[in-house]
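In my numbering, the protein residues as written are 515 to 979.
Glycine included, every Cβ here is placed at the ideal spot set by N, Cα and C.
Since the structure is predicted, the reported quantities are computational estimates derived from the model, not experimental observations.
Notes to accompany the following structure.
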Ligand code: ARG
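As structure tokens, then:
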């Protein structure tokens with residue numbers, strides 16, 4: 515047993531915490547990363563205490579100076595943690611009190627670790643969600659660059675992983691980029707909703723002291739202040755929302771990863787990975803493995819676990835603070851860290867891979883991939899689509915069963931003929947997709963313009979947030 519005087523609550527206790535309790539309840543190893551936010555929150559709290567006269571001007575200065583020094587020690591790595599520092603809040607307060615004496619002992623006036631930790635974590639989310647959004651934008655830029663460079667290259671579009679209709683490679687790459695645009699929007703949206711200060715809620719009920727939470731919220735740069743002290747300290751919706759936004763990024767990266775795994779296989783052969791972004795085998799000399807893509811897929815499982823774990827922690831918690839809530843941090847930190855690593859590695863992988871456009875075209879040029887264009891040729895001449903579908907389907911069946919050339923069958927057909935046969939020439943079908951948002955060159959050129967505009971708007975939104 516250690517001395518009770520080491521704890522924040524020693525007045526009520528005759529003996530100190532058991533080793534096993536400390537070992538089990540300590541959060542310092544993972545909440546240390548909150549120190550910039552803990553110091554920012556403490557500065558604003560102390561200035562607030564000064565404004566309402568609870569701390570005199572000299573005391574405010576003494577505590578702010580001590581906080582500067584604590585910040586320097588933590589930043590420079592010279593901060594000496596002691597065994598009783600169970601979390602970052604305890605450690606900062608202890609050191610401030612060592613440095614500023616009795617003024618330091620006033621830092622926690624009107625504050626609880628319950629409103630303090632909620633404040634710290636919201637500040638952390640505000641910063642980190644922007645960082646994630648910045649990494650998403652960087653990957654989108656890579657996809658845009660590759661889409662612009664892809665020109666008129668095309669590949670099969672797939673449904674059920676069966677070749678369906680040819681699409682421009684640029685169109686395919688932009689499909690991922692638009693999904694990521696929703697992620698940027700979602701990250702910013704979650705950030706906007708969590709931009710509310712809980713500081714001043716105290717342990718759960720506010721304070722008998724004349725605190726002014728709205729002015730502290732403003733000082734901290736929050737867009738708003740809590741309305742209900744119980745809700746303020748028990749709310750972790752913002753962690754769940756942040757985790758969901760980040761998890762959906764992970765899922766998008768996982769789907770992109772699965773595609774690269776397929777595309778880099780000999781069977782597809784659509785891309786060749788750069789040496790810097792693939793790995794070899796310890797035993798099989800010929801191997802070049804898509805490990806980034808596979809880990810993007812694999813780690814998505816772990817990140818989904820982070821989200822569902824947090825939701826399970828929250829379910830059934832009585833209002834307001836419960837120590838269970840300490841379990842909010844590790845999944846959040848883990849998910850954000852993993853997704854940021856995945857975003858950067860995926861961007862590098864896409865920036866450096868070689869697109870084997872001749873292989874893509876070869877796979878897309880099977881005349882059967884143009885079957886819909888033949889049916890639509892008949893539709894333009896007045897045939898009901900269902901009948902047109904049946905006519906073309908029968909021709910495809912004959913060409914598959916008898917090995918007959920589809921082009922010859924089409925040319926010989928009374929309702930189709932040479933004009934229709936021209937539609938299934940290599941490279942032609944993709945040009946037929948002309949409608950808004952479609953896969954052909956003219957539609958994709960317009961889409962590229964829209965995407966460039968969206969990316970630049972989103973970049974400004976992230977910069978200005
Ligand atoms: N380390 C705790 C957490 O992360 C801080 C709050 C502790 N509050 C308390 N009443 N024990 O949630």
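- Taking the C-beta atoms as reference points, residue 962 is found nearer than 8 angstroms to residue 661.
- In the three-state scheme derived from DSSP, where H, G and I count as helix and E and B as strand, residue 630 is classed as helix.
- When DSSP states are grouped into helix, strand and coil, residue 874 belongs to the helix group.
- A direct Cα-Cα distance of roughly 43 angstroms separates residue 766 from residue 562.
- Distances from the CA of residue 601 to each of 854, 525, 634 and 856 were compared; the closest alpha carbon is that of 634.
- Pairing residue 853 with residue 764, the inter-Cα distance amounts to about 6 angstroms.
- Around the beta-carbon of residue 796, fewer than 16 other beta-carbon atoms lie within 10 Å, marking it exposed.
- Less than 8 angstroms separates the beta-carbon of residue 639 from that of residue 752.
- Scanning the stretch 856-920 for uninterrupted alpha helix (DSSP H) segments of 4 residues or longer gives 871-878, 885-894 and 899-916, listed from N- to C-terminal end.
- Here the alpha carbons of residue 714 and residue 745 stand approximately 12 angstroms from one another.
- For residue 681, the enclosing beta strand (DSSP E) has its first and last residue at 676-682.
- The beta-carbon distance between residue 794 and residue 802, rounded to whole angstroms, is 7 angstroms. This is short enough to meet the 8 angstroms contact definition.
- Under the DSSP definition of a beta bridge, residue 786 partners with 868.
- Measuring C-alpha to C-alpha distances from residue 862 to each of 873, 779, 523 and 810 identifies 810 as the nearest.
- A direct Cα-to-Cα measurement between residue 847 and residue 818 gives close to 13 angstroms.
- The Cβ atoms of residue 760 and residue 972 do not sit closer than 8 angstroms to each other.
- Take residue 678, set aside five residues on each side of it, and the residues of its chain with a beta-carbon closer than 8 angstroms to its own are 670, 671, 672 and 883, in chain order.
- For residue 670, the uninterrupted beta strand (DSSP E) run begins and ends at 668-673, by DSSP.
- DSSP places residue 949 outside both helix and strand once states are collapsed to three, so it counts as coil.
- With a contact defined as Cβ atoms closer than 8 angstroms, residue 957 and residue 668 miss out at about 13 angstroms.
- Annotation for residue 538: the continuous alpha helix (DSSP H) segment containing it runs 533-539.
- Residue pairing for residue 711: DSSP places it in a beta bridge opposite 739.
- Here the distance from the Cβ of residue 749 to the nearest heavy atom of the ligand ARG is not below 7 angstroms.
- Rounded to whole angstroms, the gap between the alpha carbons of residue 970 and residue 875 is 32 angstroms.
- Taking the Cβ of residue 546 as the reference point, every heavy atom of the ligand ARG lies at 7 angstroms or farther away.
- Burial of residue 820 is indicated by the presence of at least 16 other C-beta atoms within 10 angstroms of its C-beta.
- As a beta-bridge residue in DSSP terms, residue 803 pairs with 793.
- By the CB criterion at 8 angstroms, residue 756 and residue 731 fall outside the cutoff.
- Taking a C-beta distance under 8 angstroms as the contact criterion, residue 574 and residue 724 do not qualify as a contact pair.
- Residue 657 and residue 681 have their C-alpha atoms spaced approximately 16 angstroms apart.
- According to the DSSP assignment, residue 553 belongs to the alpha helix (DSSP H) that extends over 549-565.
- Of the residues assessed, residue 684 falls on the buried side of the cut-off, its CB having 16 or more other CB atoms within 10 angstroms.
- Sequence-distant Cβ neighbours of residue 588 in its own chain, meaning closer than 7 angstroms and more than five residues away, are 549.
- Residue 932 and residue 922 have their C-alpha atoms roughly 9 angstroms apart.
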